[in-house]
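Q: Protein sequences appear in the order of chains A and B. 1 is the number of the first residue of the first sequence in my numbering; add one for each residue after it. 1 is the number of the first residue of the second sequence in my numbering; add one for each residue after it. For glycine and all other residues, C-beta sits at the position ideal for the given N, C-alpha and C. This is the structure I have questions about; it appears just below.
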Amino acid sequence: MQTETVIELRKIYKRFYEGSENELEILHGIDLRVKRGEFISIVGPSGSGKSTLMNIIGALDRPTEGTYLLDGTDICTTDDTELSHIRNRKIGFVFQTYNLIPRNSALKNVELPMMYGKVGRLARRKKAKELLEIVGMGDRMDHNPDELSGGQKQRVAIARALANDPAIILADEPTGALDSVTGRMIMDLFHQLHKEKGITIVLITHSPELAEETERIVTIMDGKITSERSGSLYDTRQHSAGAE
Amino acid sequence: MILDSILLALNELRINKMRSFLTMLGIVIGIASVIAIVTLGDALGNTTRNIFTGSGANQIYFVVRQKSMKSLSDYDNMDEDARTMRDSDKVSYRVFDELESVFGDRLEGISLEDTFGTAKVDKDRYTIYGVNPCGYAIQRNIKIVAGREFTNEEYSDGKMVIIIPDTTAEKLYGSVENAVGKQFEAEMSHKYVNYTVVGVYHKDDNGAYVDMILYEETGLHFVPYNSEAKKTNWMNEYFRGFTVVGKEGEDIPQLSEDILNYLNQTHYKNNDTYKMFSQTMQSVLEEAGNVANIVKLVMSAIAAIALIVGGIGVMNIMIVSITERTREIGTRKALGATNGNIRTQFLIESIVICLIGSALGIILGLLLGSVISSVLGVEGAASVKGVAVSVLFSMAFGIFFGYYPASKAAKLDPIVALRYE
Numbered sequence: 001m002q003t004e005t006v007i008e009l010r011k012i013y014k015r016f017y018e019g020s021e022n023e024l025e026i027l028h029g030i031d032l033r034v035k036r037g038e039f040i041s042i043v044g045p046s047g048s049g050k051s052t053l054m055n056i057i058g059a060l061d062r063p064t065e066g067t068y069l070l071d072g073t074d075i076c077t078t079d080d081t082e083l084s085h086i087r088n089r090k091i092g093f094v095f096q097t098y099n100l101i102p103r104n105s106a107l108k109n110v111e112l113p114m115m116y117g118k119v120g121r122l123a124r125r126k127k128a129k130e131l132l133e134i135v136g137m138g139d140r141m142d143h144n145p146d147e148l149s150g151g152q153k154q155r156v157a158i159a160r161a162l163a164n165d166p167a168i169i170l171a172d173e174p175t176g177a178l179d180s181v182t183g184r185m186i187m188d189l190f191h192q193l194h195k196e197k198g199i200t201i202v203l204i205t206h207s208p209e210l211a212e213e214t215e216r217i218v219t220i221m222d223g224k225i226t227s228e229r230s231g232s233l234y235d236t237r238q239h240s241a242g243a244e
Numbered sequence: 001m002i003l004d005s006i007l008l009a010l011n012e013l014r015i016n017k018m019r020s021f022l023t024m025l026g027i028v029i030g031i032a033s034v035i036a037i038v039t040l041g042d043a044l045g046n047t048t049r050n051i052f053t054g055s056g057a058n059q060i061y062f063v064v065r066q067k068s069m070k071s072l073s074d075y076d077n078m079d080e081d082a083r084t085m086r087d088s089d090k091v092s093y094r095v096f097d098e099l100e101s102v103f104g105d106r107l108e109g110i111s112l113e114d115t116f117g118t119a120k121v122d123k124d125r126y127t128i129y130g131v132n133p134c135g136y137a138i139q140r141n142i143k144i145v146a147g148r149e150f151t152n153e154e155y156s157d158g159k160m161v162i163i164i165p166d167t168t169a170e171k172l173y174g175s176v177e178n179a180v181g182k183q184f185e186a187e188m189s190h191k192y193v194n195y196t197v198v199g200v201y202h203k204d205d206n207g208a209y210v211d212m213i214l215y216e217e218t219g220l221h222f223v224p225y226n227s228e229a230k231k232t233n234w235m236n237e238y239f240r241g242f243t244v245v246g247k248e249g250e251d252i253p254q255l256s257e258d259i260l261n262y263l264n265q266t267h268y269k270n271n272d273t274y275k276m277f278s279q280t281m282q283s284v285l286e287e288a289g290n291v292a293n294i295v296k297l298v299m300s301a302i303a304a305i306a307l308i309v310g311g312i313g314v315m316n317i318m319i320v321s322i323t324e325r326t327r328e329i330g331t332r333k334a335l336g337a338t339n340g341n342i343r344t345q346f347l348i349e350s351i352v353i354c355l356i357g358s359a360l361g362i363i364l365g366l367l368l369g370s371v372i373s374s375v376l377g378v379e380g381a382a383s384v385k386g387v388a389v390s391v392l393f394s395m396a397f398g399i400f401f402g403y404y405p406a407s408k409a410a411k412l413d414p415i416v417a418l419r420y421e
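Listed below in structure tokens is the structure:
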């Protein structure tokens, strides 16, 4: 069992319009550690700073203050290009709105992160096919997004998130646009990937039920972590991670 | 990565066929105009040069004009109240003989050619054109297809013989061969004239452009100059103008200058109103060339404007496309695309539009150029230089007009772009 820390946030502050009279502090010193192979959820109402925190974890944004070590790399000191490379290699995004590239087949979509990662044509095609098989989309690889249902799109998106063997999967309301049955199937897929492949998953959600399924539930309110507790998955995994 | 971007760009263009086509249209029209103009310009230049190096090059045209004029076409300085030209102001055969003796070794001859009148046969009218040997020799593109040219004797004695175009031969005598030896009977200036056909000629088509700059008459019926002078009342003994043909290899502008000085210092020295002016075919052709160059320049400017407008169209559509695809750009960035990746992608899309547009434009331009060239009767060869320049230009346009939108796309904040609705 791995205990290595994948995400380490230390005293993260995020302020907008810094220095002006409209200065707005969204995050007030967040401390969070996620271990490799962990499946955690971050919950909180809208306006709580959840999205801002997700942007920072996803290396889409830098904190104003504090340290963020992602898989050992300090992302606060990197430039835009390096940040792109970090997102490419370390993070697999799953969005509520799927965000597949239109007019590109499922296969092309899954190949995309590998293309930016400069993986060879044949290698990435092979890998993309494997991943689509894993998420159960092996028979629809040549379909464009507009020919797929919501659940199918999200499966493709998950395959795409896995393309470069990222350190974490960052899933932002991945079932938010799906009906309950399809949403359940997507959650099952996450559980399967977590269990069978030991993938680290950070689930951002406002649904307490979904959060309950994870190993650890981090609640954020008004830019602060207000509670951290174990979810139902905690017992089955016998996980040692948790609030320090 | 580059190949992927090219495939992606082609895919985008394929999906938005109509939009892509309209965007390209500006580039197509711009490039087509440039190619057509370059092709046409080259063709006009070549044709002008061909005339220049051909028979016309060693001709000098002399004409009597008012002293007050600065050149023979300077009609602005013409004095309306000046006395009219008398025979004594003109030149006669005597002057021609004089020039032959003074400049003989530098001259091929002095050409006499003039329209004598219109001959009527039945209801058709034919131009009767008197020539001396030199005047006949400088006719362009004439080939005897039946019979023969005039003999020296026919020229000097003013025999009633005629050389007619093949079209007239076919009309009046049924065929070209049949015409030789037949009588050409006509009414001219209310008098009956009767010529013997000794030759039939065919004139190659000059083309509209050559006709435009050389003002050549077509369908002429040649007769020896003296024959007409002898038979009609109108005795053209004095001439306001004539054409001197210089010997091969002669410095024509210098010869022109020398003859002009000679005439103005002898015959026109004491003339109160008139003097002699000259113009070489070379200067006529240069003038025509200058006009052609100006036309080419103006047309090129218009083509350039068309290209710029086309380029702005490309830029516009790129901006629209980038706005439409903001979310896609955000997603790509989230997946690890660098600013450079995004910029490259859109730049390539813009370049691909411009390149496809220019390929179509080149095809259209070459077609257009060859059609116009053949209408004008000039040799319109596809200009490799023009094609190369166009391709380079359209590449440059693709980069120039694609760079701003592509940079705009590259600089998008992924967070903002991802949330874009």
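At a Cβ cut of 9 Å, what residues of the region 322–338 of chain B count as close to chain A, listed as they run along the chain?
A: Those would be ARG325, ARG327, GLU328, GLY330, THR331, ARG332, LYS333, ALA334, LEU335, GLY336, ALA337, THR338, in chain order.
Q: Would you mind telling me which residues of chain A sit closer than 8 Å to B:ASP4, beta carbon to beta carbon, in chain order?
A: Position 4 of the second sequence, counted from the start, is the residue given in the question as residue 4 of chain B. Going along chain A in sequence order, the residues near B:ASP4 (Cβ under 8 Å) are MET115.
Q: With 8 Å set as the bound, which would you pick, yes or no: does the beta-carbon of A:ASN22 sit closer than that to a beta-carbon of chain B?
A: To locate residue 22 of chain A, count along the first sequence from 1; it is residue 22. No, A:ASN22 lies away from the interface with chain B (no Cβ there is under 8 Å from its Cβ).
Q: Use the C-beta contact count for A:PHE16: other C-beta atoms within 10 angstroms, 16 or more gives buried, fewer gives exposed.
A: The sequence position of residue 16 of chain A within the first sequence is 16, counting from 1. It counts as exposed.
Q: Going along chain A in order, which residues have a C-beta closer than 9 Å to the C-beta of B:ILE353?
A: By one-based count along the second sequence, residue 353 of chain B stands at place 353. Under the 9 Å cutoff, chain A gives no residues; its nearest Cβ is about 17 Å from B:ILE353.
Q: Let me see if you follow: with CB-CB separation under 8 Å, is B:ILE15 close to chain A or not?
A: Locating residue 15 of chain B in the second sequence gives position 15, counting from the first residue. By this cut-off, B:ILE15 is an interface position.
Q: So, helix, strand or coil for B:PRO414, using DSSP?
A: In the second sequence, residue 414 of chain B corresponds to position 414, counting from 1. Helix, per DSSP.
Q: Where does A:ALA177 fall in DSSP's three states?
A: The residue given as residue 177 of chain A occupies position 177 in the first sequence. Three-state result, A:ALA177: coil.
Q: In the region 54–85 of chain A, which residues sit with their C-beta less than 8 Å from some C-beta in chain B, listed in chain order?
A: So the close ones are ASN55, GLY58, LEU60, ASP61, ASP80, THR81, SER84, HIS85.
Q: Can a CB atom of chain A be found closer than 8 Å to the CB of B:ILE348?
A: As a first step, residue 348 of chain B must be located in the second sequence, where it is residue number 348. For B:ILE348, the answer is no, since every Cβ of chain A falls outside 8 Å of its Cβ.
Q: Would you identify the three-state DSSP class for A:HIS85, choosing helix, strand or coil?
A: As a working mapping, residue 85 of chain A is identified with position 85 in the first sequence. Three-state DSSP puts A:HIS85 in a helix.
Q: With a Cβ-Cβ cutoff of 8 Å, do B:SER350 and B:ALA292 count as a contact?
A: As a first step, residue 350 of chain B is located in the second sequence; it is residue number 350 there, counting from the start. As a first step, residue 292 of chain B is located in the second sequence; it is residue number 292 there, counting from the start. Result no, Cβ atoms of B:SER350 and B:ALA292 do not sit closer than 8 Å.
Q: With 16 other CB atoms within 10 Å as the buried threshold, where does B:TRP234 fall?
A: Numbered from its first residue, the second sequence carries residue 234 of chain B at position 234. Only weak support exists for where B:TRP234 lies, its pLDDT of 41 falling under 50; the value from the coordinates is given anyway. The residue in question, B:TRP234, is exposed, as its Cβ has fewer than 16 Cβ neighbours within 10 Å.
Q: Taking C-beta to C-beta, are B:TYR155 and B:ASN226 nearer than 8 Å?
A: Counting from one through the second sequence, the residue named residue 155 of chain B turns up at place 155. Counting from one through the second sequence, the residue named residue 226 of chain B turns up at place 226. Closer than 8 Å, so yes.
Q: Hey, how far is the Cα of B:ASP4 from the Cα of A:ILE26?
A: Translated into the one-based positions of the second sequence, residue 4 of chain B becomes position 4. Translated into the one-based positions of the first sequence, residue 26 of chain A becomes position 26. Taking the straight line joining both Cα atoms gives about 40 Å.
Q: Looking at chain A, is there any beta carbon in it that lies within less than 8 Å of the beta carbon of B:ILE317?
A: As a working mapping, residue 317 of chain B is identified with position 317 in the second sequence. It does not; no Cβ of chain A falls within 8 Å.
Q: Tell whether a beta-carbon distance below 8 Å holds between A:GLU173 and A:THR219.
A: By one-based count along the first sequence, residue 173 of chain A stands at place 173. By one-based count along the first sequence, residue 219 of chain A stands at place 219. The answer is no: Cβ separation not under 8 Å.
Q: Against chain B, with Cβ distances strictly below 8 Å, would A:PHE93 count as a contact?
A: Here the question's residue 93 of chain A lines up with position 93 in the first sequence. At least one chain B Cβ lies under 8 Å of A:PHE93.
Q: To the nearest whole angstrom, what separates the beta carbons of A:SER41 and A:THR214, a pair I think is in contact under 8 Å?
A: Taking the first residue of the first sequence as 1, we reach residue 41 of chain A at position 41. Taking the first residue of the first sequence as 1, we reach residue 214 of chain A at position 214. Correct: roughly 4 Å between the Cβ atoms.
Q: Near A:PRO208, what residues of its chain come up, given a Cβ to Cβ distance below 7 Å and the 5 sequence neighbours on each side ignored?
A: Residue numbering aside, residue 208 of chain A sits at position 208 when the first sequence is read from its first letter. Excluding positions up to five away in sequence, the list reads VAL43.
Q: Would you mind giving the Cβ-Cβ distance between B:ARG327 and B:LEU418, rounded to the nearest angstrom? I have them listed as a contact below 8 Å.
A: Within the second sequence, the letter at position 327 stands for residue 327 of chain B. Within the second sequence, the letter at position 418 stands for residue 418 of chain B. With a Cβ gap of about 7 Å, B:ARG327 and B:LEU418 count as contacting.
Q: Under the rule that 16 or more other beta-carbon atoms within 10 Å means buried, what is B:MET18, buried or exposed?
A: The residue given as residue 18 of chain B occupies position 18 in the second sequence. Flag for B:MET18 reads exposed.
Q: So, for B:ILE142: in the same chain, excluding its five sequence neighbours on each side, which residues have a beta-carbon less than 6 Å away from its beta-carbon?
A: Your numbering for residue 142 of chain B matches position 142 in the second sequence. If we look at B:ILE142 and ignore the five residues flanking it on each side, its Cβ neighbours are TYR201, LYS203.
Q: Alpha carbons only, please: which of B:LEU364, B:THR338, B:CYS354 is nearest the one belonging to B:ASN410?
A: Counting from 1 along the second sequence, the entry for residue 410 of chain B is found at position 410. Residue identity differs from the one stated: residue 410 of chain B is Ala in this sequence, not Asn. Answer by Cα proximity: B:THR338.
Q: Within the continuous alpha helix (DSSP H) that includes B:MET318, where are the two ends?
A: The sequence position of residue 318 of chain B within the second sequence is 318, counting from 1. That run of the alpha helix (DSSP H) goes 281–324.
Q: Residues of chain B with a CB under 8 Å from the CB of A:ARG87: which are they?
A: Position 87 of the first sequence, counting from 1, holds the residue named residue 87 of chain A. Within 8 Å Cβ-Cβ: LYS333, ALA334, LEU335, GLY336.
Q: On the CB-based measure, 16 or more other CB atoms within 10 Å of its CB, does B:ALA306 come out buried or exposed?
A: Your numbering for residue 306 of chain B matches position 306 in the second sequence. Buried, since its Cβ has 16 or more Cβ neighbours within 10 Å.
Q: Nearest to B:VAL38 by CA position, among B:LEU297, B:CYS134, B:GLU250, is which residue?
A: Position 38 of the second sequence, counted from the start, is the residue given in the question as residue 38 of chain B. Out of B:LEU297, B:CYS134, B:GLU250, B:LEU297 has the C-alpha closest to the C-alpha of B:VAL38.
Q: Is the Cβ-Cβ distance between B:LYS275 and B:LYS70 less than 8 Å?
A: The residue you call residue 275 of chain B lines up with position 275 of the second sequence. The residue you call residue 70 of chain B lines up with position 70 of the second sequence. No, they are not a contact pair.
Q: Does the structure place the region 376–390 of chain B close enough to the region 39–46 of chain B that three or more beta carbon pairs sit under 8 Å?
A: These segments touch.
Q: Would you mind giving the Cβ-Cβ distance between A:ASN88 and A:GLY117, rounded to the nearest angstrom? I have them listed as a contact below 8 Å.
A: The residue labelled residue 88 of chain A in the question sits at position 88 within the first sequence. The residue labelled residue 117 of chain A in the question sits at position 117 within the first sequence. The pair is a contact, with the Cβ atoms about 5 Å apart (cut-off 8 Å).
Q: Just the chain B side, please: which residues come within less than 7 Å of A:ILE169 by C-beta, in chain order?
A: Translated into the one-based positions of the first sequence, residue 169 of chain A becomes position 169. By Cβ distance, chain B contributes nothing, its closest Cβ being about 13 Å from A:ILE169, past 7 Å.
Q: Use the C-beta contact count for B:GLN394: other C-beta atoms within 10 angstroms, 16 or more gives buried, fewer gives exposed.
A: Here residue 394 of chain B refers to the residue found at position 394 of the second sequence. In the sequence on display, residue 394 of chain B carries Ser and not Gln. Counting Cβ neighbours within 10 Å, B:SER394 comes out buried, since at least 16 surround it.
Q: In whole angstroms, what is the alpha-carbon distance linking A:GLY49 and A:ASN55?
A: For this step, residue 49 of chain A is matched to residue 49 along the first sequence. For this step, residue 55 of chain A is matched to residue 55 along the first sequence. Cα-Cα distance, rounded: 10 Å.
Q: Please report the straight-line C-alpha distance between B:ASN152 and B:PRO133, rounded to a whole angstrom.
A: Counting from one through the second sequence, the residue named residue 152 of chain B turns up at place 152. Counting from one through the second sequence, the residue named residue 133 of chain B turns up at place 133. Using only the alpha carbons, I get a separation of about 8 Å.
Q: Beta-carbon of A:ARG155 versus every beta-carbon of chain B: anything under 8 Å?
A: The residue given as residue 155 of chain A occupies position 155 in the first sequence. No - not a single Cβ of chain B is within 8 Å of the one on A:ARG155.
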